[in-house]
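The structure appears below as structure tokens.
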Amino acid sequence: MPLSVGLVGAGSAALRAHLPALGRATEAGVAAISAVCDPSPERRALVRERCPAASEHVDVEELLEEARPDLLVVASPPSSHLPALRAAAAREVDVLCEKPLGLRGEDVAALGELRSTHSHLLLATVHQYQHAPAWGVIAPALRQGVLRGEPLALTVEVERPGTDPLSAGGWRAAGLREGGVLGDHAVHYLALCWSVDPAARLLDVSQEGDPGAETARLRVAIGAGTATITVSYAGRRRRNLVAAHLAARGLGLRWLDGELGIAEEGVARTVEPTVALSDRQAVNDLYGPLYDELLARREDPAWRSERGAETLGVASLLAAALDALR
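Numbering (my numbering), first residue to last: 91 to 416.
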């Protein structure tokens, strides 16, 4: 029997990313959207056009009570994430939640309590960048460096000329209240840091500019090295850079938009085409492998536990940064 999925929020993330990925799962007979909730009748209707069998609801409580899904997908604005998680946990329903989680320290404490009292439930966050092919090359090298205690450096630069113009809501321009550029972009790279070192910790953070046009800089300790993350809504273009340097091996990896360059001992070895994180559609397409993994491994207790640890760990890093700026 297909997994029954309830969808909370019918905005940009749902329409551009979740629905296409779940549509493929529906065609394969492994999952189906059974219910949707959103305060906007117009947005609910857009989901019903693609999922005619889905029931419509005005809030998450009603959806959970009446539709009884197996999995709740939360794609609503950030400040609504924690209440939806609480509602799902109270009814023993697994959750996949959009980033960001951890808008403040109190949120992290609440997530920790949910995880400890409902440890058998899936509490996963959408951190789809881990499924990018280039990260599949960079991550093993960094993990090996962390395990060996080698000096390493990870540099991230994200440039955007403003917030996402295709977004259905305005949370990205709401500043620290909804996470701003840190909750929109930096959190993806905090998740990548956590994936190579679950002991990653925030060293410092700074931010300048008005909400919706801000630039933030973070430094995160990973293993015996540092990740430096700069994310900006004040850019002139769409640009993403992820560069890793492992001095002990003379290894350098440079993922700039659609190219991955690899150098050893300072000699360029290869430059390969790859998925660009500055390409909106490419980022949306990464939801496909994210859902493939979830549907294949949802019943695996070890995987469920790791996703819960990841959710809490990344939320802790983000909350530490946002709280430091308040």
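Cβ atoms here follow ideal geometry from the backbone N, Cα and C, with glycine treated the same way.
Could you work out which residue in the options is closest to residue i when comparing CA atoms only?
{"i": "G269", "options": "R114, W225, G192 and G226", "result": "G192"}
{"i": "A143", "options": "R134, E151 and V150", "result": "R134"}
{"i": "E188", "options": "S368, R291 and H108", "result": "H108"}
{"i": "A410", "options": "E196, L343, A263 and P251", "result": "E196"}
{"i": "R370", "options": "L384, A399, E362 and T253", "result": "T253"}
{"i": "A414", "options": "Q297, R250 and A311", "result": "Q297"}
{"i": "G398", "options": "R140, R416, R194 and P288", "result": "P288"}
{"i": "G325", "options": "E247, L408, R387 and H147", "result": "E247"}
Residue i by DSSP, collapsed to three states: which one?
{"i": "G342", "result": "strand"}
{"i": "S170", "result": "helix"}
{"i": "S94", "result": "strand"}
{"i": "G325", "result": "strand"}
{"i": "R250", "result": "strand"}
{"i": "D197", "result": "helix"}
{"i": "S406", "result": "helix"}
{"i": "A366", "result": "coil"}
{"i": "V183", "result": "coil"}
{"i": "S395", "result": "helix"}
{"i": "S296", "result": "strand"}
{"i": "H221", "result": "helix"}
{"i": "V271", "result": "helix"}
{"i": "R388", "result": "coil"}
Going by the CB atoms, is the gap between residue j and residue i shorter than 8 Å?
{"i": "P159", "j": "V198", "result": "no"}
{"i": "T364", "j": "W345", "result": "yes"}
{"i": "A104", "j": "V150", "result": "no"}
{"i": "L154", "j": "A122", "result": "no"}
{"i": "L204", "j": "L412", "result": "no"}
{"i": "G235", "j": "G340", "result": "no"}
{"i": "E400", "j": "W284", "result": "yes"}
{"i": "R307", "j": "S368", "result": "no"}
{"i": "H221", "j": "P379", "result": "yes"}
{"i": "N374", "j": "R106", "result": "yes"}
{"i": "A229", "j": "V163", "result": "no"}
>> Three Cβ pairs or more, each shorter than 8 Å: is that satisfied between the region 208-222 and the region 388-404?
In response: yes
>> Counting beta carbon pairs with one atom in the region 334-354 and one in the region 252-271, are three or more of them shorter than 8 Å?
In response: no
> Taking one C-beta from the region 239-259 and one from the region 314-329 each time, how about it: are there three or more such pairs within less than 8 Å?
Replying inline: yes
> At what residue ranges does the region 96-152 contain a whole run of the beta strand (DSSP E), taking only runs of 3 or more?
Replying inline: 121-127 and 145-147
> When the Cβ atoms of the region 117-133 are set against those of the region 94-107, are three or more pairs found closer than 8 Å?
Replying inline: yes
>> So, does the region 333-342 touch the region 250-262, judging by three or more C-beta pairs under 8 Å?
In response: no
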